[in-house]
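K.L.:
Using the numbering used here, read the sequence shown as starting at 3 and increasing by one per residue.
Supplied in structure tokens, the structure appears directly below.
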Amino acid sequence: MDNITVDNTVPVEHNEAWKLQRVTLHISPYITDRIVWKMLVWETNGLDSRIVDIFPAYDDINGAEGRATGVTVSLNLKDPRLVNLELEDECRGSFIDISMSQGNHGHLMSFLGINIIGSNAVGFRVPHRGDRVDFYLGILEHLSHIGILDPADCDDAYVYTGLIEIGCLDARQKI
Numbered sequence: 003m004d005n006i007t008v009d010n011t012v013p014v015e016h017n018e019a020w021k022l023q024r025v026t027l028h029i030s031p032y033i034t035d036r037i038v039w040k041m042l043v044w045e046t047n048g049l050d051s052r053i054v055d056i057f058p059a060y061d062d063i064n065g066a067e068g069r070a071t072g073v074t075v076s077l078n079l080k081d082p083r084l085v086n087l088e089l090e091d092e093c094r095g096s097f098i099d100i101s102m103s104q105g106n107h108g109h110l111m112s113f114l115g116i117n118i119i120g121s122n123a124v125g126f127r128v129p130h131r132g133d134r135v136d137f138y139l140g141i142l143e144h145l146s147h148i149g150i151l152d153p154a155d156c157d158d159a160y161v162y163t164g165l166i167e168i169g170c171l172d173a174r175q176k177i
């Protein structure tokens, strides 16, 4: 296990009230020199909804990403309906949506080692490759192990992220 810093700005009160609805993995359409995956966690609390962004930071080793050194967990300030439209328009199929019928924000935060707002030093098992998608797939795998995510959905995410990366790399080589 490595010690990394997790910076959290998401309120920790009422974690159990915020129900996990879905996870979206997508490639940023704005970065063209490499593939950058992002994770959005969609949550609802009664009629309220929000999106939590999870983004790892990596060491830069000779121009390539090294090991994860930290994770930022923050609220996406955009309206969830607008984010949905942006995904459909900008990502053009280069995203994966995984629905969940159970689990809450507390489950996600406990996996990330967060129980307060601010910076937390966390002992964390991080992928050996400097690869954001592996980090995110590890989160999905954890949610599967604790029964929140169907293992078949986790397996599908592995397959589809690979296919999306290949398609994205092919498209960028043609530019």
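The beta carbon of each residue, even a glycine, is placed where N, CA and C say it ideally should be.
(1) Can you tell me whether L79 is helix, strand or coil according to DSSP?
(2) Y160: buried (16+ other C-beta within 10 angstroms of its C-beta) or exposed?
(3) Alpha carbon to alpha carbon, how far is I29 from E15?
(4) What would DSSP say about H130, mapped onto helix, strand or coil?
(5) Please state whether DSSP places G105 in a helix, a strand or coil.
(6) Are W20 and H107 touching if we call contact CB-CB under 7 Å?
(7) Are the CB atoms of I166 and N96 within a distance shorter than 7 Å?
(8) Expressed to the nearest angstrom, what Euclidean distance is found between the alpha-carbon atoms of G115 and Q23?
(9) State the DSSP-derived secondary structure class of H16, mapped to helix, strand or coil.
(10) Just to confirm, is the Cβ distance from I53 to W39 under 7 Å?
(11) Distance check for G120 and D9, CA to CA, integer angstroms please.
(12) Is it buried or exposed for R134, if we count other Cβ within 10 angstroms and need 16 for buried?
P.N.:
This is what the structure holds:
(1) As a working note, residue 79 is residue 77 in the sequence shown. The answer is coil: DSSP assigns L79 none of H, G, I, E or B.
(2) Translated into the one-based positions of the sequence shown, residue 160 becomes position 158. Burial call: exposed.
(3) Sequence index remark: in the sequence shown, residue 29 carries index 27 (1-based). Sequence index remark: in the sequence shown, residue 15 carries index 13 (1-based). Roughly 31 Å between the two C-alpha positions.
(4) As a working mapping, residue 130 is identified with position 128 in the sequence shown. Confidence is the limiting factor: at H130 the pLDDT is only 46, short of 50, which leaves the residue's position unreliable, though a coordinate-based value still follows. Here H130 sits in coil by DSSP.
(5) Walking along the sequence shown from the start, residue 105 turns up at place 103. Reduced to three states, the DSSP call for G105 is coil.
(6) Here residue 20 corresponds to residue number 18 of the sequence shown, with the count starting at 1. Here residue 107 corresponds to residue number 105 of the sequence shown, with the count starting at 1. Their beta carbons are under 7 Å apart, which means W20 touches H107 by this criterion.
(7) For this step, residue 96 is matched to residue 94 along the sequence shown. For this step, residue 166 is matched to residue 164 along the sequence shown. For clarity, residue 96 is Ser in the given sequence; the question names Asn instead. For S96 and I166, yes; Cβs fall inside 7 Å.
(8) Along the sequence shown, one-based indexing puts residue 115 at 113. Along the sequence shown, one-based indexing puts residue 23 at 21. The straight-line gap from Cα to Cα measures roughly 21 Å.
(9) In the sequence shown, the residue the question calls residue 16 occupies position 14. Coil.
(10) Working through the sequence shown from its first residue, we reach residue 53 at position 51. Working through the sequence shown from its first residue, we reach residue 39 at position 37. The answer is no: Cβ separation not under 7 Å.
(11) The residue labelled residue 9 in the question sits at position 7 within the sequence shown. The residue labelled residue 120 in the question sits at position 118 within the sequence shown. Straight-line Cα distance between these residues: approximately 5 Å.
(12) Locating residue 134 in the sequence shown gives position 132, where the first residue counts as 1. Buried is the call here.
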